[in-house]
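Visitor: Sequence positions in the sequence shown follow full-length UniProt numbering and run 1 to 316.
Beta carbons: idealized from backbone N, C-alpha and C, even for Gly.
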Amino acid sequence: MENGSDKKLFFTPEVLQQYADKGELPPTIRSVFGRAIRFDLSQGFPLLTTKKVFTRGIIVELLWFLSGSSNIKYLVDNDVHIWDEWAWKRYHKHCLENDPGADLEQKEFIAKLKAEDKDSEFVKTWGDLITIYGRMWRRWPASDGREIDQLGWVIQGLKDKPFRKSYVVSAWNPDFIYAMASKNNVNEVPPFCHTTFQFGVTEGNKLNLALFQRSADSFLGVPFNIASYALLLLMVAQVTGLEAGEFVHFFGDVHAYSNHFEQVKEQLSREPRPFPTIKLNPEIKNIDEFKLEDITIKNYDPHPAIKAEIANIGGF
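Encoded structure:
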């Protein structure tokens, strides 16, 4: 990004000038289609500075994805509540249909998940989102019953034959999406927004990452996504012995919701600051060995956070 800041990080000015009637429930959506942005990671870590971003949440969520787990217990134990609603909705729906007396409010449900052991039946049954990013990355369900570790295969390939063009990881599995899903695979989680990413090595042994994101909430989601995948690039570069190059982010539908318009305008009025830097524990050589304490963000000096509610049609 120019001067290592988020001056042109998003398309929000352009988005706000557009209007797209999606024929859906409120709020109104303004959107543009088909955009791209790129970041040279030698110029700093692309973490939004015009509002404070929940950096700990980004790191914890990415570590959860990398673990291959589909259970939110790890997130809850680390006080990251990004996915709480989706686990609770699944439990709530089951109770309404089968045992209304056992139903819990969302806060009570999350407190119970946190209090119980990870091996308890309640946690194993109701903490599980079933089809989440990490499962698709590390445990893709193959037609013959195997589970495919896409990311593990990519990392090994980058070590053995770094210049191949096939190092792609996909989270878009039609067997779990919309009306395409089989009867037994219907899930409460919305279809994945960031769907496919590809690693590529260029001259100088620089490792680059390209992400395609079909649905991009420019105010709430995109800042999180950019930082998450930039961090993933840095981590994979370290464990493969390569140098992190560029993160390239391709978008399908880039949008802002009407209940975010005022917040977006406030954010756009702020002067961007230099990007921070990030330090990884250099001793880590295996992607599965990274822990929260191995990742440190330095010199992050953002403007104050701007609160906004998640849109009730987000992702669809």
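1. Just the C-alpha distance for Val168 and His249, rounded to the nearest angstrom, thanks.
2. Would you tell me roughly how many angstroms separate the C-alpha atoms of Val233 and Pro282, rounded to the nearest one?
3. Are the Cβ atoms of Ala87 and Gly134 separated by less than 8 Å?
4. Hey, quick one: how far does the alpha helix (DSSP H) through Asn98 stretch, first residue to last?
5. Keeping to the same chain, check which residues put their C-beta closer than 7 Å to that of Trp172; ignore five residues upstream and five downstream.
6. Along the chain, where does the alpha helix (DSSP H) containing Ala77 start, and where does it finish?
7. Does DSSP put Glu147 in a helix, in a strand, or in coil?
8. Could you pull out every unbroken beta strand (DSSP E) segment of at least 3 residues lying fully inside the stretch 179-264, listed in chain order?
9. Distance, Cα to Cα, His92 vs Asn205?
10. Do the stretch 97-111 and the stretch 135-152 touch if we need at least three Cβ pairs shorter than 8 Å?
11. Look at the Cβ atom of Val254, then the Cβ atom of Lys285, and state whether they are nearer than 8 Å.
12. Where do the ends of the beta strand (DSSP E) carrying Leu280 lie?
13. Taking the alpha carbon of Phe199 as the point to measure from, which residue in Gly101, Asp175, Ala244 and Ser218 has its own alpha carbon closest?
14. Can you say whether Thr55 is buried or exposed, counting buried as having 16 or more other CB atoms within 10 angstroms of its CB?
15. Thinking Ser228 and Leu62 are a contact (beta carbons under 8 Å), I'd like their distance in whole angstroms, please.
16. Can at least three beta-carbon pairs, one atom from the stretch 137-144 and one from the stretch 210-230, be found at a separation below 8 Å?
17. Which of the three DSSP states is assigned to Pro174 in this structure?
18. Buried or exposed for Asp217, please, with buried defined as at least 16 other CB atoms from any protein chain shown within 10 angstroms of its CB.
Guide: With the structure as the only source:
1. Taking C-alpha positions only, Val168 is separated from His249 by approximately 14 Å.
2. A small correction: the amino acid at residue 233 is Leu; Val does not occupy that position in the sequence shown. In this structure, the alpha-carbon of Leu233 lies about 15 Å from that of Pro282.
3. No, these two residues do not count as a Cβ contact at 8 Å.
4. Counting along the chain, the alpha helix (DSSP H) containing Asn98 begins and ends at Asp84 to Asn98.
5. Excluding its 5 nearest sequence neighbours in each direction, Trp172 has C-beta neighbours in its own chain below 7 Å: Phe192, Thr195 and Thr196, listed in chain order.
6. Looking at the sequence provided, one finds Asp at residue 77 rather than Ala. Where Asp77 is concerned, the enclosing alpha helix (DSSP H) starts and stops at Lys73 to Asp77.
7. DSSP, reduced to helix, strand and coil, places Glu147 within a strand of the structure shown.
8. Along the stretch 179-264, the beta strand (DSSP E) occurs as fully enclosed runs of 3 or more residues at 194-202, 206-217 and 243-257, listed in sequence order.
9. When rounded, the distance between both Cα atoms is 50 Å.
10. No, they do not touch.
11. When the beta-carbon positions are compared, Val254 and Lys285 stay at least 8 Å from each other.
12. Membership of Leu280 in the beta strand (DSSP E) is indicated by the continuous run Thr277 to Leu280.
13. Residue Ala244 holds the alpha-carbon nearest to the alpha-carbon of Phe199 among Gly101, Asp175, Ala244 and Ser218.
14. Counting other Cβ atoms within 10 Å of its Cβ, Thr55 reaches 16 or more and is therefore classed as buried.
15. Indeed, because the Cβ distance is near 5 Å, the residues count as touching under 8 Å.
16. Counting Cβ pairs under 8 Å, fewer than three are found: no touch.
17. Reduced to three states, the DSSP call for Pro174 is helix.
18. Buried, by the Cβ-count rule.
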